Amino acid sequence: MAITKLSDAPSILPLHKIRRPRSATGIRQFPYPLFLRAAEGGMVEGENAKRPAITGLLDASLAARFLSRQTGLDFHLYPTDCSGYENMEKCAFQFPDERSAYKLSNEVENEQIGERMCRIKEDHNLSENFHIPLKVYFLKMETSTLSVKLWPPSQGTRLKLIERMTKNLTTPSIWSRKYGLLSPKEAEEDAKQIESSAFAEANQHFTKEPEGDGSSAVQLYAKESSWLMIEVIKRGPTSKANEELDSISAKIKEYGGTTFDISRDPRKVIDAADAEKLLRHLKEPGNKYKRICFSNTSFGKEAALVAGPILSIIKDQLTEVDLSDFVAGRNEEEALEVMGIFSLALEGSNLRYLDLSNNALGEKGVRAFGALLKSQYNLEELYLINDGISEEAAAALYDLIPSTDKLRVLHFHNNMTGDEGAIAISKIVNNSPLLEDFRCSSTRVESEGGVALAKALEKCKHLKKLDLRDNLFGVDAGMALSEALSAFSDLSEIYLSYLNLEDEGSIALADALKKSAPSLEVLDMAGNEITAKAAPALASCIASKQFLAKLNLSENELKDEGAILIAKALEEGHGQLCEVDMNTNLMRRAGARRLAQAVVGKPGFTLLNIDGNYISDEGIDEVRDLFKNCPNVLGPLDDNDPEGEDYDEEEEEGNSDVGHELESKLKGLDIKQEE
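Just so you know, we're using full-length UniProt numbering here: the sequence shown kicks off at 1 and counts up by one.
Next comes the structure, spelled out in structure tokens:
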């Protein structure tokens, strides 16, 4: 009789899908015992001969032990009367009837068991040609049907789950970047607690259905473990949480118990439990908090419902509230609900300072804060930066805020206000006579809106800082603004870059500034298409500003002629000058050298930026030589183009002479300083 190797075994099929062909004797038999081809010969005869059987070439005791271990069922071996077959190497495995086999395939993952049985040779380190002369046995089940219990899991299974959860909790992921990564020790402790809680929950469930197979308990065990692990991940390391609380306590102590600050970097999304923990200091009786800062902490609805009642209790003592970037990552509906909760909680407070920046408010958001805004009569500082303030939102602000006659600071940077919105904002400015710091940069305001703002600013006699950068004002708005500037005697900083002012608008503004703002420290007029034509007016203005610390005329077209005039204006005095930015001005060797000579001796000077120009290699060497004792003061020159646009080779050859000639012509130019 030929012996079939284990490696010749066919693929495994579920028991109920195996057709049982009849043998010559009429008894149904398996063509192979799951993993072995049938040996030659008939079925076992005797008292059990009529029951379905499988013949094969494997030690029956080994198979019985394997099946018992894998399924948890009791398989027993019984000797059988094998008269007439004493000399045959056979083994008969008796399996359940057709009904039992079908039940097996439904209650047990039979394919998986079969696949494991196929690997029995590897599991027991059997050689390829391994076989045993088999005695005649058959395998008989204790009962006629299979009943598989999936619960409780073995201790090994439970330990394996703990091991896997520990690994997941200590593996860097997108979640760990957001909530923090647990240490191996903390992760193992958490994993043990998670498994224990999940097992207890599932075991309690199993006791309520003792007749079941335990599959629902297994599902609950897995579900509960997953849910608890997510909670631990979102909680983050306890050490980090303690550090956060310590940081809050330190800030409270630093500000003498008057400031409560939970702002953080990076931003954190918090839920109700986090809010309870973070805001616990606010509930302390007799606290003296006047300022709260929730910036960069994203509140969901549940967290807001925790914060709302707490804020309602302390609102009467608050004077400063910072709610910037406090709904990040929330959908619009939830964000508006959160805003409404905070607005109602703080309604009636007497605030001096309110920051609602970085919340993508739009008109809906502004109106969500309606209850709070309507109750504010003494605001001194209002920040609405990067809030999606459209023309409708700007109009809503004007309608909602009852009074701005005490307003000193108003910031609208990076919004989509446009001309119509600027007109609404100009009404707020018009009613703010004490305004000292006005920022309306990057708000898409064009000429009409610029003119409206300029006229409104005429009433702001106390203005110290004006930032209108990155709008589309044009010449007309520049001219209108020049009329307002004459009233700003206290102005210290003015930012007018990228306003399309051109020469006409720039000259008007320079002339107006020359007559006002004697203490000007910052002048920024970059990116306005200013040419050498406007240079005399600019130079005269700059010469009069002896407190000037920063000058930015970059990205214009001043060329050498304008650069030399600016340099001459900076030569005398200007002891507080720190930075001069003249990059990208079509400047060549003469202008660069003259600027370097004008600033290199200033005691507190820190940066000269002349990059992006057309300075020759010789000119670069000259400038670097001037700064050889303070090389860090000279900015990078990576974008300088020695060839230059439309560069004239003859000019290159006589560049030095031309530079000296130009300086000679300008030598007699009178740049008078204001007394």
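The C-beta atom is built at its ideal place from N, Cα and C for all residues, glycine as well.
Keep in mind that this is a model prediction, so the values were computed, not measured.
Best match in the options for proximity to residue i [C-alpha to C-alpha]
i           : options                           : result
Ser403      : Glu392, Gly418, Asp419 and Tyr377 : Tyr377
Asp261      : Lys301, Leu323, Ile230 and Thr207 : Leu323
Leu551      : Leu496, Ile423, Asp316 and Gln155 : Leu496
Gly573      : Met582, Gln597, Ser554 and Lys602 : Lys602
Val451      : Leu608, Lys427 and Gly348         : Lys427
Leu548      : Arg444, Lys223, Glu555 and Leu577 : Leu577
Leu379      : Leu361, Ala395 and Arg408         : Arg408
Lys192      : Met229, Gly180 and Val218         : Met229
Leu523      : Leu509, Lys533 and Pro536         : Leu509
Lys514      : Ile494, Asn528 and Pro309         : Ile494
Leu553      : Tyr289, Lys545, Asp274 and Ile566 : Ile566
residue 676 : Gly527, Leu570 and Met525         : Residue 676 cannot be examined here, being either before or after the span of the chain that is shown, 1 to 675.
Glu201      : Gly180, Arg164, Ser176 and Pro152 : Pro152
Leu434      : Asn331, Thr259 and Glu381         : Glu381
Gly348      : Ser616, Glu276, Gln317 and Lys178 : Gln317
Arg267      : Asn287, Lys290 and Asn296         : Asn296
Lys277      : Ile310, Tyr289 and Gly329         : Ile310
Segment limits, beta strand (DSSP E) that includes residue i
i      : result
Ser349 : That residue, Ser349, is in no beta strand (DSSP E); it is neither H nor E in DSSP.
Arg408 : Element bounds for Arg408: n/a, residue is neither H nor E.
Glu392 : Where Glu392 is concerned, there is no enclosing beta strand (DSSP E), although the alpha helix (DSSP H) it sits in stretches over Glu391 to Leu400.
Asp581 : Glu579 to Asp581
Ser298 : Thr297 to Phe299
Cys293 : Arg291 to Cys293
Distance CB(residue i)-CB(residue j) smaller than 8 angstroms
i      : j      : result
Val429 : Ala393 : no
Thr531 : Glu504 : no
Ser357 : Asn386 : yes
Ala484 : Glu448 : no
Ser442 : His413 : yes
Ala303 : Ala272 : yes
Glu561 : Thr584 : no
Arg444 : Asn471 : yes
Asp405 : Ser375 : no
Ile292 : Val321 : yes
Pro424 : Tyr398 : What sits at residue 424 in the sequence shown is Ala, not Pro. Taking 8 angstroms as the Cβ cut-off, Ala424 and Tyr398 qualify as a contacting pair.
Ala480 : Asp511 : no
Thr166 : Ala187 : yes
Leu468 : Leu491 : no
Leu282 : Val306 : no
Gly388 : Leu410 : no
Status (buried if at least 16 other CB within 10 Å, exposed otherwise) for residue i
i      : result
Ser226 : exposed
Pro285 : exposed
Arg588 : buried
Glu195 : buried
Asn359 : buried
Leu351 : buried
Phe138 : Here Phe138 scores only 31 on pLDDT, less than 50, and its place in the model should not be relied on; the value that follows carries that caveat. Phe138 comes out buried.
Ser83  : With a pLDDT of 35 at Ser83, under the threshold of 50, the modelled position of that residue is not reliable, and no figure is offered here.
Ser540 : buried
Leu159 : exposed
Pro184 : exposed
Cys460 : buried
Asp355 : buried
Asp581 : buried
Ile401 : buried
Asp97  : Residue confidence for Asp97 is low, a pLDDT of 33 falling below 50, so the modelled location carries little weight; the figure read from the coordinates is stated next. With fewer than 16 other Cβ atoms within 10 Å, it is exposed.
Asp274 : buried
Lys628 : exposed
Endpoints, the alpha helix (DSSP H) within which residue i is located
i      : result
Thr207 : Pro184 to Thr207
Asp419 : Gly418 to Asn430
Thr157 : Gln155 to Leu169
Val232 : Ser215 to Arg235
Asp524 : Looking at the DSSP string, Asp524 is not in any alpha helix (DSSP H); the run it does join, the beta strand (DSSP E), is Val522 to Asp524.
Glu446 : Counting along the chain, Glu446 falls outside any alpha helix (DSSP H), and DSSP gives it neither H nor E.
Expected contact under 8 angstroms - CB spacing of residue i and residue j to nearest Å
i      : j      : result
Val623 : Phe605 : Val623 to Phe605, Cβ: 14 angstroms. No contact.
Ile620 : Leu595 : 13 angstroms between Cβ atoms; not a contact.
Val232 : Leu169 : 7 angstroms
Ile341 : Gly308 : 5 angstroms
Gly591 : Asp611 : The Cβ separation is near 13 angstroms, so there is no contact.
Residue-chain proximity (residue i, chain D), Cβ-Cβ < 8 angstroms
i      : result
Ile310 : No chain D appears in the structure shown, which is made up of a single protein chain.
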